[in-house]
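K.L.:
The listed protein sequences derive, respectively, from chains A and B.
Read in order, the letters of the first sequence correspond to residues 261 to 512 in the working numbering.
Read in order, the letters of the second sequence correspond to residues 5 to 178 in the working numbering.
We put the CB at the ideal spot given by N, CA and C, even for glycine.
Handing you a structure now.
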Amino acid sequence: VNCEDVDRLIDAYLDRALEPKRQIEIERHLSRCQACQSLARQCEEFRSFFSANAPIYRAPPELRARILAMVPDEKVKPAFRFWREPWVYAAAAAVLVTLCVALTILFPDNGKEFSHVAVLNHSRSLADNGLVDVASADPGVVKPWLTAKLDFSPPVVDLPGSGYRLMGGRIAVIRNRPVAAVVYKRKGDVVTLFCWPENRDLVSNGNYLIQGYHVCTWSNAECNYIVVSKLDSHELDQFADLFRDHIQSNPY
Amino acid sequence: VGERSRFEELFLPHLDAAYNLARWIVGRDQDAQDVVQEAYLRAIKGLEGFRGSKARPWLMTIVRNTAYTWIRKNPHVSAMIPFDEAIHVVPMDDQLSESSHEERKRLLHEALSRLPVEFRDVLVLYEIEGWSYKRMALTLNVPVGTIMSRLNRARRRLQGELAAARDPEVQSEL
């Protein structure tokens, strides 16, 4: 370490920022060099002068006020807390109600409605002794007769070995449209199967008890079906299953 | 609101330090205020990303960057570096007589105002903010050796400016 090194490193030395080895080397040099001792003294004097007189500024009050005013404007306002807005709940409720109404219109529980009409038709046919307009146990007779009077070809099947005997068919009117009514009998119980093609107002699946009659409703890709009978609901379900199996395995 | 109280808790205590740093770098009171306000805006925007515990150095770095941006945008103003008379100066040492202290302060201000901004920068960070060489090197993105020599030159230059400015009375006291 020579005097030039000390001149270059004296501040770092006084700041104790040098590596320990360097720190010691400079200390040794200072102990035997008058000129560098003088330089070190000057530097220290300057330091104390500087620290005694260096300006330290305080923020003016108006700056503090400006910054405090800035905080809510910058942070609170843009952060929109939607869950704190009451109108959001009103809007959500309105959307929900609209959705429910729309669902009711689009997917109504129309099975019960249809069923009432079907039950009325079924009970009248029993009372008026107008059970069938075409009386036959042969689907080959009943089906063409119905097809001739309707704009579609209804599934007419006999169910041999099931206890249900095909009695025949008639035309019924449900909701202003002619539909096929196919009549079966099991012992004393009459079963009427109403059937019509529908692609807009599909009947929902359901089981109902209306005026003492059990009703079973369903639909498939082609038709709406309503079965009405005095049979209990379990037996009616069995009949419906039987019928569905039959038309599935024997396309009409 | 949580953000506001967090902001106040973290950064408002350092407003004086922020202003002081800005004032040292850009010189004039009004410019320093603008710099600090801009820096606090940046700090608010960055608050969500701030996860550290040391708010002060973080804020100081923002103030410093903002000050340098300001200098780049206003080169004609910063070239003059007026370092105007202090209204908010807090003396570090009140033991000296009022008159000589005022005089010394004036001399030091004058000398500082003639220093290049990078020299005032390292002086305020080291002497007033108490940053280490290492932290300065990291923040200024230069080697520690550069900080060492810059601080060294800053002091020598300031000593020189003082010697040129000081009158015989002050000289005798030194």
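Identify the contact partners of B:LYS58 in chain E, using a Cβ-Cβ distance below 9 angstroms as the criterion.
P.N.:
Protein chains A and B are contained in the structure displayed, whereas chain E is not.
K.L.:
Near A:ALA432, what residues of its chain come up, given a Cβ to Cβ distance below 7 angstroms and the 5 sequence neighbours on each side ignored?
P.N.:
Contacts found: ASN381, VAL439, ALA441 and PHE454.
K.L.:
For A:ILE584 and B:PHE11, what's the separation of their Cα atoms in angstroms?
P.N.:
In the structure displayed, chain A extends from 261 to 512; residue 584 of chain A sits before or after that span and is not available.
K.L.:
Under the rule that 16 or more other beta-carbon atoms within 10 Å means buried, what is A:ARG288, buried or exposed?
P.N.:
Exposed.
K.L.:
Got a sec: which bits of the region 130-147 of chain B sit with their beta carbon under 7 angstroms from any beta carbon on chain A, in order along the chain?
P.N.:
Of all residues in the region 130-147 of chain B, GLU131, ILE132 and TYR137 have a Cβ within less than 7 angstroms of some Cβ in chain A.
K.L.:
For A:TYR424, does the three-state DSSP call read helix, strand or coil?
P.N.:
A:TYR424: coil per DSSP, three-state reduction.
K.L.:
In whole angstroms, give me the CA-to-CA distance for A:LEU469 and A:VAL475.
P.N.:
Straight-line Cα distance between these residues: approximately 6 angstroms.
K.L.:
Taking only beta-carbon positions, decide if B:THR70 is within less than 7 angstroms of chain A.
P.N.:
Not closer than 7 angstroms to any Cβ of chain A, the Cβ of B:THR70 fails to qualify, so no.
K.L.:
Given B:THR143, which residues of its chain have a CB within under 6 angstroms of its CB, disregarding the five upstream and five downstream residues?
P.N.:
Contacts found: THR65.
K.L.:
Are B:TYR130 and B:LEU166 touching if we call contact CB-CB under 7 angstroms?
P.N.:
Result no, Cβ atoms of B:TYR130 and B:LEU166 do not sit closer than 7 angstroms.
K.L.:
Could you tell me which residues DSSP pairs with A:CYS483 in its beta bridges?
P.N.:
In the DSSP output, where bridge partners are listed per residue, A:CYS483 has A:PRO457.
K.L.:
Run down chain A in chain order and give the residues with a C-beta less than 8 angstroms from the C-beta of B:ASP125.
P.N.:
The contacting residues do not exist; B:ASP125 stays about 14 angstroms from chain A at best.
K.L.:
Who are the Cβ neighbours of A:ALA295 in its own chain at under 8 angstroms, not counting the five residues just before and after it?
P.N.:
Once the five neighbours on either side are set aside, the close Cβ partners of A:ALA295 are CYS263.
K.L.:
What are the boundary residues of the alpha helix (DSSP H) that A:PRO399 is part of?
P.N.:
Its alpha helix (DSSP H) spans residues 399-409.
K.L.:
Excluding the 5 residues preceding and the 5 following A:LYS403 in the sequence, name in chain order all residues of the same chain whose CB lies nearer than 6 angstroms to its CB.
P.N.:
Once the five neighbours on either side are set aside, the close Cβ partners of A:LYS403 are VAL416.
K.L.:
With a threshold of 6 angstroms on Cβ separation, who are the neighbours of A:TRP478 within its own chain once the five nearest residues in sequence on each side are excluded?
P.N.:
Within the same chain, A:TRP478 has close Cβ partners ASN465 and TYR485.
K.L.:
Since A:LEU299 contacts A:ILE286 with CB under 8 angstroms, what's their CB separation in whole angstroms?
P.N.:
Incorrect: roughly 11 angstroms between the Cβ atoms, too far for contact.
K.L.:
Would you tell me roughly how many angstroms separate the C-alpha atoms of A:VAL451 and A:ALA387, rounded to the nearest one?
P.N.:
In a straight line, the C-alpha of A:VAL451 is about 14 angstroms away from that of A:ALA387.
K.L.:
Could you work out which residue in B:HIS18, B:GLU133, B:LYS138 and B:ALA115 is closest to A:ALA272 when comparing CA atoms only?
P.N.:
Nearest of B:HIS18, B:GLU133, B:LYS138 and B:ALA115 to A:ALA272, Cα basis: B:LYS138.
K.L.:
Could you name the residues of the same chain whose beta carbon sits closer than 7 angstroms to that of A:PRO457, not counting the 5 residues immediately before and after it, in chain order?
P.N.:
Only PHE412, GLU482 and CYS483 meet the Cβ criterion.
K.L.:
For A:GLY466, list the residues DSSP reports as bridge partners.
P.N.:
Answer is A:THR477, bridged to A:GLY466.
K.L.:
Leaving out five residues before and five after B:VAL128 in sequence, what residues of the same chain have Cβ atoms less than 8 angstroms from its Cβ?
P.N.:
Here the set comprises ASN24, LEU25, TRP28 and ILE29.
K.L.:
Apply the 10 Å Cβ neighbour rule to A:ARG363 and answer buried if 16 or more other Cβ atoms are within range, or exposed otherwise.
P.N.:
Checking the sequence shown, residue 363 of chain A turns out to be Leu, not Arg. So A:LEU363 counts as exposed.
K.L.:
For A:ARG384, name the three-state secondary structure that DSSP assigns.
P.N.:
Three-state DSSP puts A:ARG384 in a helix.
K.L.:
For A:LYS372, name the three-state secondary structure that DSSP assigns.
P.N.:
Three-state DSSP puts A:LYS372 in a helix.
K.L.:
B:SER104: buried (16+ other C-beta within 10 angstroms of its C-beta) or exposed?
P.N.:
With fewer than 16 other Cβ atoms within 10 Å, it is exposed.
K.L.:
Mind listing the chain A neighbours of B:ASP20? Cutoff is C-beta to C-beta under 7 angstroms, in chain order.
P.N.:
Going along chain A in sequence order, the residues near B:ASP20 (Cβ under 7 angstroms) are ARG318 and ALA319.
K.L.:
Report yes if the C-beta distance between B:ARG46 and A:VAL331 is below 7 angstroms; otherwise report no.
P.N.:
Not in contact: B:ARG46 and A:VAL331 (Cβ atoms no closer than 7 angstroms).
K.L.:
Please list, in chain order, the chain A residues whose beta carbon lies closer than 8 angstroms to that of B:VAL40.
P.N.:
Result: ALA319, LEU323 and ILE327.
K.L.:
Let's see if you can read the secondary structure: which residues bound the alpha helix (DSSP H) around A:VAL442?
P.N.:
Per DSSP, A:VAL442 belongs to no alpha helix (DSSP H); it is in the beta strand (DSSP E), 437-446.
K.L.:
List the endpoints of the continuous alpha helix (DSSP H) containing B:LEU142.
P.N.:
137-144 is the extent of the alpha helix (DSSP H) around B:LEU142.
K.L.:
Please report how far the alpha carbon of B:VAL148 lies from the alpha carbon of B:MET140, in whole angstroms.
P.N.:
C-alpha separation (whole angstroms): 8 angstroms.
K.L.:
Indicate whether at least one CB of chain B lies closer than 7 angstroms to the CB of A:PHE306.
P.N.:
Judged by the 7 angstroms Cβ criterion, A:PHE306 is in contact with chain B.
K.L.:
So is B:PHE189 in contact with chain A if we call contact Cβ pairs under 7 angstroms?
P.N.:
Past the edges of chain B, shown from 5 to 178, lies residue 189 of chain B, and the structure says nothing about it.
K.L.:
Check whether the Cβ atoms of A:TYR473 and A:VAL487 lie closer than 7 angstroms to each other.
P.N.:
No, the pair does not count as a contact, with Cβ atoms beyond the cut-off.
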